[in-house]
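Protein chains in written order, with the UniProt record's numbering: chain U, 1 to 758; chain E, 1 to 140.
Below: the structure, in structure tokens.
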């Protein structure tokens, strides 16, 4: 796949180096919080946003958010540098850099936000920016389709999440997550179950748990750096982050434990078999990401120290090795032109540094001591042995970890030391900007494992404390925990994993046959979308007839019905008609309006009808003048005038109203018109009958001069007291004018084009 | 429209109407008028001109295309609002500066964002209606 361009193109562009540098600076910025947060001292920033709705940009740096922030900025900086070289010379590289940087910022906002609404906004921003990234190769229909699939699925989950977050905020009386967590578990409260289900819908779609998993492997349509970033520390971890963030308030119930254990375990095992089945290395890694997400969800089901420590350690190690492996596969693809596991082999000679980086990442993935991956696995087994669903969780974890061992061999060992197939290009070592990331990440995976005390104190234990909602006792993260059950399970894992690796070629065929038998959710998605589109088209055809008269009829019919129902069901009292005090002028104007109306109904010429309607409008303007509303009257007069001019211009182009000269009247139209007229009159009379509330009038009379220095109250309201409304109105005027302008010009152009063809 | 009387009268009328529209715009804060009414009258002026001479000629007289005028108007209105924002007041709070005095009573005149906003309204209404009318007239 050629998602990269000319390798000799200049890559030190402002958009590439700049975004990477800013991200690296952010990483350094977050580093300074490490000691404070590790000492149990979270940081909080509040920026008022919509204070009246209790929506603030509250940022909260505790162990969990800091670990995520460091992963996002650290891996982000390396991925951006990598992408600058990987996509060098791509005509749309600048756009890509913008998308990637925006995505990084959204993700950062998501993990730092404490306010639920702010969190949701950032959540949706990551959905949106990842859509742009996945669909970056927008000329490829498959890429567009996969991007749309990811967008629709995660955005649908996002809507459920929004409902859940709002309910959570309202029932708890605050939208600050730290306060909700501080209040402890919500279990047993009203709406707990509903909130939980809604939040899980959001988290499971975002973190691609079975049965919502199919968008994630498809998202591999993105360029490799994007996959490295989205699938290691970010996007797909957002759901896991959410579960961890809400752990103190939502966890502990049977529903939580069962749902997370089962969904997580099924996803993990399903995905690790699928990973073994793939031949495209990128697809293999995509499925191992699914496997990792499932494992994380499975361990977040528990509430014990070991379970949470397992989740956090595994999260850290997975981010490091997964980003590293994706990046090395990008280098392999870049260098050899293929990602086919069957072809690749023996690259270690030509690409020694890549081989070392891949080996470091692979060893961490396989969980070999002394890598952090080994510790993660040990803690995970310890956590699994403590789990309430022990008989279920332990075998599932064992199978998943063994398969992961085998997959690590496939992606990190075989391409470099296995037998070589026929490669499209002769392999060569990658350039340094692309090697930097994998090497640094690989070394970190080793260093964290060699210094378990430090990584536990600064990164893992603060995160565990944040997820548990209580200070953590610590001391679980160590290289050597003695001869115990987890160690035994580790040895079994290695043995089983090794056998699986040796047999993976034959297993692949078997798995492919099983997969062909099973339900294909991805194809089902297309069918669902097609049906949905057909439904939308059908109902649009039904409602949108395209005949203006029918729209008018429907609008007025709805209006008449609602007013009629309201009048009939509510006790509105009587109407008093007072004709006293009406002089010659008033009667005269009324007669003018009636005469105009009658003429409209009688005439068979559009222009006459239009002018007659103008008479009605001018009559109304006269009434405004009589009741001393000069501004309204002037506006009414001018608008009447302009409407006549505009419509006359339009009517010049339209056919005669009634070419035969005979009048046809639709009874239904007449009845509707009469009903609307009568109802409107009744409503106006009822309104006039109410005692007039002068509070607003008095306020404006009192303040118009003293506060706004204007004596024309109407104008002062328009340009000072309610400026925002006026601004909205003129924006509407502009949009309507531009829209009509575009329609008219478009029609002219279309007709001209037609004429040309003749 | 081929009426010599109308064409001849239109030239006079347009100037008068246009000056009148500016007059209505400026007096609006104290007396009937304002940006909306002024903009409508200004639109009438140029519509009369276009009916007399045709839309092509009228567009030339306007110099800037009406869509652009409307967009500039919206921009001016927004700037009037943003200005108060930069001065530390809530969005769209009127800002007043007195020239030759320190209050409304003593000052010779004032410079204020309220009038700037009203000018924005004037331009949007003028441009919006003219872009519609001209498009209708040019439609063949």
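Positions of the beta carbon are idealized from the N, C-alpha and C atoms, including for glycine.
Endpoints, the beta strand (DSSP E) within which residue i is located
| i | result |
| --- | --- |
| residue 59 of chain U | 55-61 |
| residue 46 of chain U | 43-50 |
Exposed unless 16 or more other CB atoms sit within 10 angstroms - verdict on residue i
| i | result |
| --- | --- |
| residue 189 of chain U | exposed |
| residue 136 of chain U | buried |
| residue 712 of chain U | buried |
| residue 641 of chain U | buried |
| residue 627 of chain U | exposed |
| residue 8 of chain E | exposed |
| residue 551 of chain U | exposed |
| residue 661 of chain U | At residue 661 of chain U the pLDDT is 49, less than 50, meaning the model places this residue with poor confidence; the figure from the coordinates comes in the next sentence. The residue is exposed, with fewer than 16 neighbouring Cβ atoms inside 10 Å. |
| residue 614 of chain U | buried |
| residue 103 of chain E | exposed |
| residue 531 of chain U | exposed |
| residue 535 of chain U | exposed |
| residue 514 of chain U | exposed |
Endpoints, the alpha helix (DSSP H) within which residue i is located
| i | result |
| --- | --- |
| residue 99 of chain E | From DSSP, residue 99 of chain E is part of no alpha helix (DSSP H) but of the beta strand (DSSP E) over 96-99. |
| residue 109 of chain E | Element bounds for residue 109 of chain E: not the alpha helix (DSSP H) but the beta strand (DSSP E), 109-112. |
| residue 99 of chain U | 93-112 |
| residue 216 of chain U | 215-218 |
| residue 701 of chain U | 695-708 |
| residue 29 of chain E | Run containing residue 29 of chain E: none; DSSP gives neither H nor E here. |
| residue 334 of chain U | 305-336 |
| residue 380 of chain U | 372-386 |
| residue 368 of chain U | Taken as a continuous stretch (DSSP letters only), residue 368 of chain U belongs to no alpha helix (DSSP H), as it is neither H nor E. |
| residue 258 of chain U | 254-277 |
| residue 139 of chain E | Segment: none, residue 139 of chain E is in no alpha helix (DSSP H) and carries neither H nor E. |
| residue 464 of chain U | 461-468 |
| residue 343 of chain U | Unbroken run through residue 343 of chain U: none, as it is neither H nor E. |
Which listed residue (the options) has its alpha carbon closest to that of residue i
| i | options | result |
| --- | --- | --- |
| residue 407 of chain U | U:171, U:199, U:277, U:60 | U:277 |
| residue 382 of chain U | U:365, U:344, U:230, U:477 | U:477 |
| residue 236 of chain U | U:290, U:263, U:223 | U:290 |
| residue 53 of chain U | U:170, U:63, U:263 | U:170 |
| residue 323 of chain U | U:300, U:530, U:12, U:362 | U:362 |
| residue 182 of chain U | U:148, U:154, U:239, U:245 | U:245 |
| residue 560 of chain U | U:327, U:418, U:679 | U:679 |
| residue 249 of chain U | U:195, U:326, U:267 | U:195 |
| residue 473 of chain U | U:339, U:105, U:460, U:423 | U:460 |
| residue 125 of chain U | U:66, U:225, U:159, U:416 | U:159 |
| residue 142 of chain U | U:498, U:537, U:219 | U:219 |
| residue 635 of chain U | U:618, U:251, U:651 | U:618 |
| residue 292 of chain U | U:400, U:672, U:226, U:369 | U:400 |
| residue 165 of chain U | U:127, U:554, U:114 | U:114 |
| residue 556 of chain U | U:671, U:625, U:637 | U:671 |
| residue 435 of chain U | U:370, U:332, U:502 | U:332 |
| residue 736 of chain U | E:26, E:67, E:17, E:114 | E:67 |
8 Å Cβ cut-off: residues of chain E touching residue i
| i | result |
| --- | --- |
| residue 630 of chain U | 32 |
| residue 57 of chain U | By Cβ distance, chain E contributes nothing, its closest Cβ being about 18 Å from residue 57 of chain U, past 8 Å. |
| residue 653 of chain U | 139 |
| residue 635 of chain U | 36, 37, 40 |
| residue 650 of chain U | 136 |
Chain-ordered chain U contacts of residue i [CB-CB under 8 Å]
| i | result |
| --- | --- |
| residue 71 of chain E | 734 |
| residue 47 of chain E | 642, 645 |
| residue 135 of chain E | 740, 741, 744, 745 |
Contact list for residue i against chain U, beta-carbon separation under 7 Å
| i | result |
| --- | --- |
| residue 41 of chain E | 638 |
| residue 104 of chain E | 709 |
| residue 132 of chain E | 646, 737, 740, 741 |
| residue 64 of chain E | Per Cβ cutoff of 7 Å: no residues; residue 64 of chain E is ~15 Å from chain U at best. |
Contacts of residue i in chain U (Cβ-Cβ under 9 Å)
| i | result |
| --- | --- |
| residue 54 of chain E | Those do not exist, as residue 54 of chain E stays about 13 Å from chain U at its closest Cβ, beyond 9 Å. |
Within chain E, partners of residue i - CB distance below 9 Å
| i | result |
| --- | --- |
| residue 454 of chain U | Within chain E, no residue comes near residue 454 of chain U; the closest Cβ sits about 47 Å away, beyond 9 Å. |
* Asked: Going along the chain, which residues of the segment 706-718 of chain U sit with their C-beta nearer than 8 Å to a C-beta in chain E?
  -> If the cut-off is 8 Å between Cβ atoms, the segment 706-718 of chain U has 708, 709, 710, 711, 712, 714, 715, 716, 718 near chain E.
* To do: Below 8 Å between beta carbons is the criterion; list the residues of the segment 720-752 of chain U that meet it against any residue of chain E, in chain order.
  => From the segment 720-752 of chain U, only 720, 723, 724, 726, 727, 730, 731, 733, 734, 736, 737, 738, 740, 741, 744, 745, 747, 748 have a Cβ closer than 8 Å to chain E.
* Give the residues from the segment 9-21 of chain E that approach chain U closer than 8 Å (Cβ to any Cβ), ordered along the chain. => If the cut-off is 8 Å between Cβ atoms, the segment 9-21 of chain E has nothing near chain U.
* What residues in the segment 605-622 of chain U bring their beta carbon closer than 7 Å to a beta carbon of chain E? -> Under the 7 Å Cβ criterion, the segment 605-622 of chain U contributes no residue.
* Asked: the segment 239-260 of chain U: which residues have C-beta closer than 9 Å to a C-beta of chain E, in chain order?
  -> Cβ contacts with chain E: none found.
* Quick one: which residues of the segment 75-96 of chain E get their C-beta closer than 9 Å to a C-beta of chain U? List them in chain order. => Going along the segment 75-96 of chain E in chain order, one finds 77, 78, 80, 81, 91, 92, 93, 94, 96 with a Cβ nearer than 9 Å to chain U.
* To do: With 9 Å as the C-beta to C-beta threshold (strictly closer), list the residues of the segment 373-387 of chain U near chain E in chain order.
  => Answer set for the segment 373-387 of chain U: empty.
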